[in-house]
Every structure is written in structure tokens, then in C-alpha cells.
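Engineer: Start counting the sequence shown at 9; every next residue gets the next number (the numbering used here).
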Amino acid sequence: MIVLAVAYGGAFGFGLPRAAYRLSVEPGEPWRAHLPDGRPLAGWFGAEGGGGPRWAPAGVCALVCGALGAACGIRPEAAVFVGVAPLVVLLGIVDLAVHRLPDVLTLPLAAATAALLGVAALLPRAAGSWRGALCGGAALGAAYLLLFLINPAGMGLGDVKLALPLGVALGWYGWGVWAAGAFLGLLYGAVYGLALLLTSRATRRAGFAFGPFMAAGALTGVLLGGFGA
């Protein structure tokens, strides 16, 4: 399972630069259709993008998928978590580039994660609860929506939408895992923000991409839940 997960993550991740380059635009702008040198950019999947390291996404995806494969083992939810992980990595890349989490990825990801876990719940050896997954997605989405309403300058709607699939994944293994993943996402982001302030690399009003920290917290929670199960 681990070998298959690593191979899948590496292969998928190697094709992410093109999708990341296409999606890394400011709100309201069309997706990129040409490379910086003016050549047309055909398709969404491939190693050719707008520059930057091509192997980094493949390495990150391989590592994440391998860790999920090790934690979940030969259980049906493993295929779901490993399958959607590269899309979460893609969202993190785009968020780091332009501080944006496109709806074209977040909303379908939430629907796909919920639907696939629903199928997994019907199969033998499933170690989670589909009802818990749905409740977890709704709860984390509502929590981030509340944070957005309290402080719109510090939380984007993209973060609220990303919270839906992450909450679904965390809720699968129960409320303890959900709480751990939700808290760790906030903690990782807070530690990074504090580090920026202490090193004078940002001011208190400066924003940064929060999606990767949400995803890291959710990954930690799912790993804990998988190994615990």
C-alpha cells in the first residue's frame, strides 16, 4: 500500500506544475493559457509550468501519499485519502503563490471527498463513520465561516471552503481526531505568523497563505486517526 501510494503521489505531483501555473492568477482574471514566453499551454496536467522547481510537487505528493498509505493501511478509506491528497497539495501551491483557493478545486474536492467516503463506509474493513465525516465537514466549515465573519481581513472565503473537505476527512475518524486536526491547523498558522513577526519579516496587518497550514493540521489529524484505528 505504501509503495503504491508513493508511486501514485509522485506521478500525480509531477504533473501539478502546469495546473498550478494555470490557476495562480488574481481573482477575476481568466486562467492562464500561455507560458511566459508566449507559447500556448495545452491541457492542465504536465511538468511544464511557469518556472520553479518541477520535482518539488512530486516529492511532496509522494511523501504525503506515502504517509497516508502507511497510516490507513489496507482499508477502503486509504484509497480516498491518498486519491484526493494531491489536489490538496495543488491548492496549497496556488495559495502560496497568489493567496487564493479557487472554487474550481475546493468545492468539487469537498463533494468528492464526502461521496467517496460514503462508498468506503459500505465496504469491509472501513474504520470510520460517514455520518461523522459529514458532520465534521459541516462543523469545520461553520467554524471557519464564523472566524471569517468575526475578522474578514484575517480569513478568506477560500479558507472557509477548504475547511469543508478537510473537516470531512477529519470527521471520518471521530471528534477527537477532528478537534486535533482543527486545532493543529490553527496552531501551525499561528506559530508561522509569530515567527514572521519576531523576525521582522511581516507586520501585524500583513497576510499570508493559511491554506497550507490548514491542510498540514488536517494531515496530522488523519495520520493520528489512521494509526489509532
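For each residue, glycine too, the CB sits at the ideal point set by N, CA and C.
When you compare the CB positions of G166 and L109, do they come within less than 8 Å of one another, or not?
Structural biologist: Going by C-beta atoms, G166 is nearer than 8 Å to L109.
Engineer: Give the secondary structure of P132 by DSSP, where H, G and I count as helix, E and B as strand, and everything else as coil.
Structural biologist: P132 falls in the coil class under three-state DSSP.
Engineer: Can you find the residues in the same chain that come closer than 7 Å, C-beta to C-beta, to F20, ignoring five residues on each side of it along the sequence?
Structural biologist: If we look at F20 and ignore the five residues flanking it on each side, its Cβ neighbours are C69, P94.
Engineer: Specify the secondary structure class of G84 as computed by DSSP and reduced to three states.
Structural biologist: Note on residue identity: the sequence assigns Pro, not Gly, to residue 84. Three-state result, P84: helix.
Engineer: If we ignore side chains and look at the alpha-carbon of each, how far apart do A86 and H107 end up?
Structural biologist: So the two alpha carbons sit approximately 30 Å from each other.
Engineer: Is it true that the CB of G77 sits closer than 8 Å to the CB of R26?
Structural biologist: Against a cut-off of 8 Å, the Cβ pair of G77 and R26 comes out as no contact.
Engineer: Near L104, what residues of its chain come up, given a Cβ to Cβ distance below 7 Å and the 5 sequence neighbours on each side ignored?
Structural biologist: Taken in chain order, the residues that qualify are A217, P220.
Engineer: Would you kindly work out how many angstroms separate the C-alpha atoms of A226 and C143, rounded to a whole number?
Structural biologist: So the two alpha carbons sit approximately 15 Å from each other.
Engineer: Just how far apart, CA to CA, sit K213 and G81?
Structural biologist: In the sequence under discussion, the amino acid at residue 213 is Arg, which differs from the Lys named in the question. In a straight line, the C-alpha of R213 is about 43 Å away from that of G81.
Engineer: Taking the alpha carbon of I10 as the point to measure from, which residue in L71, P38, R47, G67 has its own alpha carbon closest?
Structural biologist: Residue L71 is the option with its Cα nearest to I10.
Engineer: What does H238 pair with, by DSSP beta-bridge criteria?
Structural biologist: Here the chain has residues from 9 to 237 only, and residue 238 is not among them.
Engineer: Counting only runs of 4+ residues fully inside the segment 107–168, write out the alpha helix (DSSP H) ranges in chain order.
Structural biologist: The segment 107–168 contains these whole alpha helix (DSSP H) runs: 111–129, 138–158.
Engineer: Just verifying my parser: in three-state terms, what is the DSSP assignment at P35?
Structural biologist: If DSSP states are grouped into helix, strand and coil, P35 belongs with coil.
Engineer: Leaving aside the five residues before and after Y196 along the sequence, list all residues of the same chain whose C-beta is less than 8 Å from its C-beta, in chain order.
Structural biologist: Closer than 8 Å at Cβ, skipping near neighbours: F221, A224, G225.
Engineer: Tell me whether the beta-carbon of L125 lies closer than 8 Å to the beta-carbon of V176.
Structural biologist: Yes; because the gap between Cβ atoms is below 8 Å, this pair is in contact.
Engineer: Helix, strand or coil, according to DSSP, for G54 in the structure here?
Structural biologist: Coil.
Engineer: Could you check which residue in G233, A79, T211, S32 has the C-alpha nearest to that of I101?
Structural biologist: The shortest C-alpha separation from I101 is found at S32.
Engineer: Where do the N-terminal and C-terminal ends of the alpha helix (DSSP H) with W186 fall, by residue?
Structural biologist: Element bounds for W186: 183–206.
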